[in-house]
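Trainee: Each protein sequence line maps, in turn, to chains A and B. Residue numbers for the first sequence, in this note's numbering: 1 to 378. Residue numbers for the second sequence, in this note's numbering: 1001 to 1164.
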Amino acid sequence: MRMKKSPILLLLVFMTIPALMNAQDSVVVNHSEAEVGLDKFDPGKMIIDHISDAHSWHLWGHTEIPLPVIVYSKDRGLSVFSSSHFEHGHKTYNGYMLNEANKIVAVNELEETDAHSATINEQITEGIYDISITKNVISLTVSIILLLLIFGSVAKAYKARPNQAPKGLQSWMEPLILFVRDDIAKSSIGPKYQKYMPYILTIFFFIWLNNLLGLIPVFPGGANLTGNIAITMSLAVMTLLVTVFSANKHYWHHVFAMPGVPVWVLIILTPIEILGVFLRPFVLMIRLFANIMAGHIIALSFVALIFIFGEMHAAVGAGIGVVSLLFMVFMAMLELLVGFLQAYVFALLSAIYIGAAVEEHDHDTHDYDAHVEEALIV
Amino acid sequence: MELVKPAFGLTFWMVLGFLIVLFLLTKFAWKPILKALHERENSIEDALNAAKKAKAEIEGLKSDNEKLLAEAKQERDQILKEARITKDNIINEARNKATAEADRLLALAREGIHNEKMAAITDLKNQVALLSVEIAEKVMKQQLANDDKQKALVADLLKDVKMN
């Protein structure tokens, strides 16, 4: 274990250096924009801009990758064009523009005009489906490709060298796969764990990889994917669906009519239990979202501190910069831990919920069938 | 708050992307990996069991060897014991035979000696008889050399005869 820790620490050190450079670059942009529009550096806006999804991927200085905008509207049909046409919300294009929150809204003017003079068409805006390839979609794609490459090659290694000790990447991934299998799936789901292994493994590695990619500040990392509510909601809904569709009659029996409980108590208990079915994935969604977003906010806050104090005096900024840097290194290390921990917690809780849904033994009724089934499992 | 409102587009791509990655990883990574791990665990367990079995077999062989050795030792002891008994028997028999032979020879010798002795005694007796006769003759001759002595003898002899 000792040997494995050092490359991660090294990676962390390398990660932290460009983190500062990138963060400073972006702040410079904001600062220069501030000089044009507003007259002060706005840390809140800078942080929100960084943790929100975007229609372009900012690289450094004034360099950025414009991303495709795909909008479907019942009235106007499908429009596909580059986000560069919006010019950071200063222009309209094809009857659309970006609002203050960087969201696409429909405007009445179909020809290209200045965004400030355009009027928003609320009716059409209500009915548009924006499936643009945003920064988070790119990050998602990158993580999917990485997952496929990593585990494709690991699977190939297993096929090439059957019944032999793992080697290279395989030996990095094997303890993790075994960890997920033995400590998450097998211990929480029980004898039927094998059916749910692919799902648990996928969510664990998907969340962990994206948490780590979020810590890398340079392209293609740095997107706040697992700190985005849409992503955590999708994951939580999938856990809910897996739980609900694999639940057996004992589970529903427990939810709707807890055995051994008087009827008058059931009137209170059953709504709570039904609520609990939905509340559990809801908490999963909030936990991952809040943890990862908070990590990004804290890192960005330390950067913002430098510029807030730098506006007072360059020397103060430099002094705060040193302190901020130390805190950022500390936070980055903490976030590495949090990144793993949140992936583990999400996968573990998903496994526990699935385990509760497929559990065969009924603790309260002790009926004959349960005992026979238990005997069969053992 | 835009932050806590799930965006439709990202949700759409996320669900699509996640289902694709779930499907592809399940088919091309998780199933082969878990199968390979399971197979390897089984093969390790089999190898351990085989080793345990081999060890038990070796133990069995060892105990067999020990048993054979013990048996051989016992047999050797038995043979030695029998040999010792045979040897003692032979010696005793020989001794008995020798004693008997010696006794027989002694008896023969004794008999021989006795016979010789008797012969010698007989011979001696004969000799003594002869000598006695000769001595008597000579004595007679001397005593009967003059007439007086012859008359005395006759008178003596006649005295003994008397008139029976």
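We put the beta carbon where it would ideally sit given N, CA and C, even for glycine.
If the criterion is Cβ atoms closer than 9 Å, does the pair residue 255/A and residue 270/A meet it?
Mentor: Numbered from 1 along the first sequence, position 255 holds the residue referred to as residue 255/A. Numbered from 1 along the first sequence, position 270 holds the residue referred to as residue 270/A. Going by C-beta atoms, residue 255/A is nearer than 9 Å to residue 270/A.
Trainee: Would you report the Cα separation of residue 1069/B and residue 1077/B, rounded to the nearest angstrom?
Mentor: For the purposes of this step, residue 1069/B is identified with residue 69 of the second sequence, where counting begins at 1. For the purposes of this step, residue 1077/B is identified with residue 77 of the second sequence, where counting begins at 1. Distance between the alpha carbons of residue 1069/B and residue 1077/B is about 12 Å.
Trainee: Comparing alpha-carbon positions, which option in 40/A, 359/A and 161/A lies nearest residue 243/A?
Mentor: Working through the first sequence from its first residue, we reach residue 243/A at position 243. Checking every option, the nearest Cα to that of residue 243/A belongs to 359/A.
Trainee: Quick one: using the 10 Å Cβ neighbour count with 16 as the cut-off for buried, is residue 376/A buried or exposed?
Mentor: Residue 376/A sits at position 376 when you count from the first residue of the first sequence. Reliability of the predicted coordinates at residue 376/A is poor, the pLDDT of 39 falling under 50, and no value is obtained from them.
Trainee: Taking 9 Å as the threshold (beta carbon to beta carbon), is residue 211/A in contact with chain B?
Mentor: For the purposes of this step, residue 211/A is taken as residue 211 along the first sequence, with counting starting at 1. No, because no Cβ of chain B sits closer than 9 Å to the Cβ of residue 211/A.
Trainee: Over the uninterrupted beta strand (DSSP E) stretch that includes residue 106/A, give me the two end residues.
Mentor: Within the first sequence, the letter at position 106 stands for residue 106/A. Run containing residue 106/A: 104–106, per the beta strand (DSSP E) assignment.
Trainee: With a threshold of 9 Å between beta-carbons, can residue 1051/B be considered close to chain A, or not?
Mentor: The residue you call residue 1051/B lines up with position 51 of the second sequence. So, not an interface residue.
Trainee: Given this structure, state the Cα-to-Cα distance separating residue 1155/B from residue 1140/B, to the nearest angstrom.
Mentor: Within the second sequence, numbered from 1, the residue matching residue 1155/B stands at position 155. Within the second sequence, numbered from 1, the residue matching residue 1140/B stands at position 140. Going from the Cα of residue 1155/B to the Cα of residue 1140/B covers about 15 Å.
Trainee: Which class does residue 62/A belong to by DSSP, given the choice of helix, strand or coil?
Mentor: The sequence position of residue 62/A within the first sequence is 62, counting from 1. Coil at residue 62/A, not helix or strand.
Trainee: Using 9 Å as the threshold, is the C-beta distance between residue 134/A and residue 1009/B below it?
Mentor: Start at 1 with the first residue of the first sequence, and residue 134/A comes out as number 134. Start at 1 with the first residue of the second sequence, and residue 1009/B comes out as number 9. Cβ distance < 9 Å, so residue 134/A and residue 1009/B count as in contact.
Trainee: Using a threshold of 8 Å, is the CB atom of residue 110/A nearer than that to any non-hydrogen atom of the ligand ATP?
Mentor: Judged by which ligands are present, the structure shown has none, so any question about the ligand ATP falls away.
Trainee: Would you identify the three-state DSSP class for residue 167/A, choosing helix, strand or coil?
Mentor: Reading the first sequence from its first residue, position 167 is the one you call residue 167/A. Coil.
Trainee: May I ask you to verify whether the region 162–178 of chain A touches the region 70–79 of chain A, counting CB pairs closer than 8 Å and requiring at least 3?
Mentor: These segments do not touch.
Trainee: On a Cα-Cα basis, can you pick out the residue from 1011/B, 1007/B and 1004/B that is closest to residue 238/A?
Mentor: Counting from 1 along the first sequence, the entry for residue 238/A is found at position 238. Ranking 1011/B, 1007/B and 1004/B by Cα distance to residue 238/A puts 1011/B first.
Trainee: Anything in chain B within Cβ reach of residue 197/A, meaning under 7 Å, just list it in chain order.
Mentor: The residue labelled residue 197/A in the question sits at position 197 within the first sequence. Simply 1030 and 1034.
Trainee: Can you check which of these residues, 106/A, 148/A, 145/A and 196/A, is closest to residue 348/A by C-alpha distance?
Mentor: Within the first sequence, the letter at position 348 stands for residue 348/A. Considering only alpha carbons, the answer is 196/A.
Trainee: Apart from the five residues just before and just after residue 108/A, which ones in its own chain have a Cβ nearer than 6 Å to its Cβ?
Mentor: If you number the first sequence from 1, residue 108/A lands on position 108. Counting only Cβ-Cβ distances below 6 Å, and skipping sequence neighbours, we find 119 and 121.
Trainee: Measuring only the C-alpha atoms, how far is residue 25/A from residue 190/A?
Mentor: On the first sequence, position 25 is the one that residue 25/A refers to. On the first sequence, position 190 is the one that residue 190/A refers to. With a pLDDT of 44 at residue 25/A, under the threshold of 50, the predicted position of this residue should be treated as unreliable, though the coordinate-derived value follows. Near 51 Å, if we compare the C-alpha coordinates of residue 190/A and residue 25/A.
Trainee: Pick out whichever of 316/A, 204/A, 240/A and 158/A has its Cα sitting closest to the Cα of residue 276/A.
Mentor: Along the first sequence, one-based indexing puts residue 276/A at 276. When only C-alpha atoms are compared, the closest one is 240/A.
Trainee: Nearest to residue 60/A by alpha carbon, out of 335/A, 329/A, 266/A and 220/A?
Mentor: Residue numbering aside, residue 60/A sits at position 60 when the first sequence is read from its first letter. It is 220/A whose Cα lies nearest to the Cα of residue 60/A.
Trainee: Counting C-beta neighbours from all protein chains within 10 Å, is the total for residue 36/A 16 or more, i.e. buried, or is it exposed?
Mentor: Mapped onto the first sequence, residue 36/A falls at position 36. Caution is warranted here: a pLDDT of 43 is assigned to residue 36/A, below 50, making its placement in the model unreliable, and no coordinate value can be reported.
Trainee: Need the endpoints of the alpha helix (DSSP H) that residue 93/A sits in, please.
Mentor: Position 93 of the first sequence holds residue 93/A. From DSSP, residue 93/A is part of no alpha helix (DSSP H); its letter is neither H nor E.
Trainee: Inspect the CB distances between the region 136–156 of chain A and the region 205–225 of chain A and report whether three or more fall short of 8 Å.
Mentor: Short answer: they touch.
Trainee: Cβ closer than 8 Å: which chain A residues qualify as neighbours of residue 1063/B?
Mentor: Counting from one through the second sequence, the residue named residue 1063/B turns up at place 63. Simply none; closest approach about 34 Å.
Trainee: What are the residues in the region 153–164 of chain A lying within 7 Å of chain B by C-beta distance?
Mentor: Listed by position, the residues of the region 153–164 of chain A near chain B (Cβ gap below 7 Å) are 154, 155, 158, 159, 162 and 163.
Trainee: Is it buried or exposed for residue 1045/B, if we count other Cβ within 10 angstroms and need 16 for buried?
Mentor: By one-based count along the second sequence, residue 1045/B stands at place 45. So residue 1045/B counts as exposed.
Trainee: Of all the residues that make up the region 128–140 of chain A, which are near chain B by a beta-carbon distance shorter than 7 Å?
Mentor: Those residues of the region 128–140 of chain A that come within reach of chain B (Cβ to Cβ, closer than 7 Å) are 129, 130, 131, 132, 134, 136, 137 and 140.
Trainee: Measure the alpha-carbon distance for residue 1027/B versus residue 201/A and round it to whole angstroms.
Mentor: Taking the first residue of the second sequence as position 1, residue 1027/B is located at position 27. Taking the first residue of the first sequence as position 1, residue 201/A is located at position 201. Each residue's Cα considered, the two are about 13 Å apart.
Trainee: Can at least three beta-carbon pairs, one atom from the region 331–338 of chain A and one from the region 66–77 of chain A, be found at a separation below 8 Å?
Mentor: Result no; under three Cβ-Cβ pairs closer than 8 Å.
Trainee: Does any C-beta atom of chain A lie closer than 9 Å to the C-beta of residue 964/B?
Mentor: Shown here, chain B extends from 1001 to 1164; a query on residue 964/B therefore has no answer.
Trainee: Give me the Cα-Cα distance between residue 266/A and residue 288/A, rounded to the nearest whole angstrom.
Mentor: As a first step, residue 266/A is located in the first sequence; it is residue number 266 there, counting from the start. As a first step, residue 288/A is located in the first sequence; it is residue number 288 there, counting from the start. So the two alpha carbons sit approximately 32 Å from each other.
Trainee: If we ignore side chains and look at the alpha-carbon of each, how far apart do residue 148/A and residue 1024/B end up?
Mentor: Translated into positions along the first sequence, residue 148/A becomes position 148. Translated into positions along the second sequence, residue 1024/B becomes position 24. Taking the straight line from one Cα to the other gives about 8 Å.
Trainee: Just to confirm my understanding: we take residue 130/A, look at its own chain, exclude 5 residues before and 5 after, and list those with CB closer than 6 Å. What are they?
Mentor: Stepping through the first sequence from its first residue, residue 130/A is reached at position 130. Only 71 and 104 meet the Cβ criterion.
Trainee: Give me the subset of the region 100–129 of chain A whose CB atoms are less than 8 Å from a CB atom of chain B, sorted by chain position.
Mentor: Those residues of the region 100–129 of chain A that come within reach of chain B (Cβ to Cβ, closer than 8 Å) are 101, 103 and 129.
Trainee: Nearest to residue 87/A by CA position, among 111/A, 106/A, 101/A and 56/A, is which residue?
Mentor: Stepping through the first sequence from its first residue, residue 87/A is reached at position 87. Nearest of 111/A, 106/A, 101/A and 56/A to residue 87/A, Cα basis: 56/A.
Trainee: Mapping DSSP to helix, strand and coil, what is residue 1091/B?
Mentor: Within the second sequence, residue 1091/B is the residue found at index 91, counting from 1. Helix.
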